[in-house]
Amino acid sequence: MKNTLIQLLSTFLVSSCGFIDLNPKSSTDLSTVTIKSGQSFGFCIGKCHAEMTIKGQNVEFLVKERNFETGVLENKEYAYNEILTKEKLDKIGNLIEVEKFFKLDEVYGCPDCADGGSEWIEITTADDKTKKVTFEYGKTVPEIENLIKLLREERETLHTKYVK
């Protein structure tokens, strides 16, 4: 009986190996990449450009403003700094597959056509390889849709907090 049980368990374990993912998708270590996510409207007066840069836990949120308050075009920049929680870092890291990202096209749709705005995600690796993917404001790219939505959400949270 004991031998039969051992044979049965051995058979089960060997046959279940096909269900075990030997190469699970690993999370990207955000200390080894820089991620930029931004939005811009080309023919806009006001705070129409915002870019969030994530390096490790650190986030810089840069807002650019164009105005004519003095009758002359003026450009102003505002920079804000935050620290991301481990939970947010893990969520972002789990959605980034660097090799797949670098295979994407550089442009999707018609970003900022008719001043409809554009968004982008840019990733720079530790060995200084950079890839920027630009797409229409409010739209997504199927291969990175969840990453776009998560970074957009974080950017909008910072925008609500800092841009008055």
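Per the numbering used here: the sequence shown = residues 1 to 164.
Each residue gets a CB set at the ideal place from its N, CA and C atoms; glycine is no exception.
Bear in mind the structure is a predicted one, so any value in this text is a computation, not a measurement.
Tell me whether the beta-carbon of TYR162 lies closer than 7 Å to the beta-carbon of TYR80.
-> A contact, by the Cβ cut-off of 7 Å.
Nearest-angstrom Cα distance between GLY93 and GLY56?
-> Distance between the alpha carbons of GLY93 and GLY56: 10 Å.
How many angstroms separate the CA atom of ALA50 from the CA atom of HIS159?
-> 8 Å
Check each candidate in LYS164, THR32, GLU77 and name the one with the smallest Cα separation from ARG66.
-> GLU77
Could you spell out the range, first to last residue, of the beta strand (DSSP E) harbouring THR32?
-> From DSSP, THR32 is part of no beta strand (DSSP E); its letter is neither H nor E.
Using the Cα positions of THR134 and LYS103, report the straight-line distance between them to the nearest angstrom.
-> When the Cα atoms are used, THR134 and LYS103 turn out to be separated by approximately 14 Å.
Mapping DSSP to helix, strand and coil, what is ALA50?
-> strand
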